[in-house]
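Q:
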Amino acid sequence: MRRTDRLFDLIQILRDGRLHTARAMAETLEVSVRTIWRDMATLVASGLPVEGERGVGYALREPITLPPLTLTPDEAQALTLGLQLVTEGADPSLAGAAASLRGKIAAVVPDRLGVDRGSETWVFPGAEAMAAARHLPGLRRAIRLRERMLITYRSAEGAVSQRIVRPLVLEFWGRVWTLASWCETRGDFRSFRVDRMETVLPTGQTFHDEPGRDLAGWRALTASQTRPLDPEDETAIAADHQP
Numbered sequence: 563m564r565r566t567d568r569l570f571d572l573i574q575i576l577r578d579g580r581l582h583t584a585r586a587m588a589e590t591l592e593v594s595v596r597t598i599w600r601d602m603a604t605l606v607a608s609g610l611p612v613e614g615e616r617g618v619g620y621a622l623r624e625p626i627t628l629p630p631l632t633l634t635p636d637e638a639q640a641l642t643l644g645l646q647l648v649t650e651g652a653d654p655s656l657a658g659a660a661a662s663l664r665g666k667i668a669a670v671v672p673d674r675l676g677v678d679r680g681s682e683t684w685v686f687p688g689a690e691a692m693a694a695a696r697h698l699p700g701l702r703r704a705i706r707l708r709e710r711m712l713i714t715y716r717s718a719e720g721a722v723s724q725r726i727v728r729p730l731v732l733e734f735w736g737r738v739w740t741l742a743s744w745c746e747t748r749g750d751f752r753s754f755r756v757d758r759m760e761t762v763l764p765t766g767q768t769f770h771d772e773p774g775r776d777l778a779g780w781r782a783l784t785a786s787q788t789r790p791l792d793p794e795d796e797t798a799i800a801a802d803h804q805p
């Protein structure tokens, strides 16, 4: 967590006006007590009206009000729906981040918009999205670090294969997650349904983007398709573009 994000979270914790110990805040934010001490010193130095000391706890001397975030009702609805989609369709890490973000936004928007009270729309995750959730954190990490992955994949027909892939981007189709990748085993682009992955293992080998094998190449390829991609058919791209 970035320090600026942590300082914001500390302010959110203190806004209830109650006494909070450094240890309790450290457990909430998953940092050390010493880190909380340093952060509290920073907040005090910046002019935040905080009272307290080490070993006792910290509290705000007076309430603070963050400037309201200006949203229209439709914008608030779009925001709420988007956060619900992430909460219900993504992995626990992203779902937790969405819930945290919703709380932060609710703290600075007018109550009448109801960001923290519910929504006119509800989202229910499909079985496919729930099955994919266990693999999403590792795949997101691999995309970020440019790390080759070894996946064991079961096709729609039940055939099992192992592939070394360069993960490029995760795509969500409303209920199905797919991984767009450069498959080193096949020497071509492949799109795999994440819920059909049996295992996803890091290889420890990183890769560099290469023209024709990177995300830009994937985007160009999908844009040239004469029919829309179907997440039910993970070989849709490969069938038209064999090596």
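Taking the numbering used here, the leading residue of the sequence shown gets 563, the next gets one more, and so forth.
Cβ atoms here follow ideal geometry from the backbone N, Cα and C, with glycine treated the same way.
Exposed or buried, what is Gly-579 when buried is set at 16 or more other beta-carbons lying within 10 Å of its beta-carbon?
A: exposed
Q: Pop quiz: Val-738 and Arg-752 are said to be a contact at Cβ under 8 angstroms. What is the actual Cβ separation, rounded to whole angstroms?
A: Rounded, the Cβ-Cβ distance is 15 angstroms, inconsistent with contact.
Q: Given this structure, state the Cα-to-Cα distance separating Leu-591 from Phe-570, to the nearest angstrom.
A: 11 angstroms
Q: Thinking C-alpha only, which one of Glu-637, Ala-652, Pro-635, Glu-760 is nearest Arg-716?
A: Glu-760
Q: Is DSSP giving Arg-781 helix, strand or coil here?
A: helix
Q: What residue range does the alpha helix (DSSP H) around Pro-773 cover?
A: Pro-773 -> no alpha helix (DSSP H), and no H or E assigned at all.
Q: Indicate the three-state DSSP secondary structure (helix, strand or coil) for Val-593 in the structure shown.
A: DSSP, read as helix, strand or coil, puts Val-593 in coil.
Q: Leaving out five residues on either side along the sequence, give the residues of the same chain with a beta carbon under 6 angstroms from the beta carbon of Arg-564.
A: Contacts found: none.
Q: Can you give me the Cβ contacts of Thr-604 inside the same chain, cut-off strictly under 8 angstroms, excluding the 5 residues immediately before and after it?
A: If we look at Thr-604 and ignore the five residues flanking it on each side, its Cβ neighbours are Leu-569.
Q: Measure from the alpha carbon of Glu-719 to the alpha carbon of each residue in Ala-693, Trp-599, Ile-713, Arg-758, then state which is nearest.
A: Arg-758
Q: For Leu-740, collect the residues of the same chain with a Cβ closer than 6 angstroms to its Cβ; drop the 5 residues on either side in sequence, then sort them by chain order.
A: Residue 740 is actually Thr in this sequence, not Leu. Excluding residues within five positions, the ones whose Cβ falls inside 6 angstroms are Glu-733, Ser-753, Arg-755, Pro-793.
Q: Grab me the residues of His-697's own chain with a C-beta within less than 6 angstroms of its C-beta, minus the 5 sequence neighbours each way, in chain order.
A: Val-756, Met-759, Val-762
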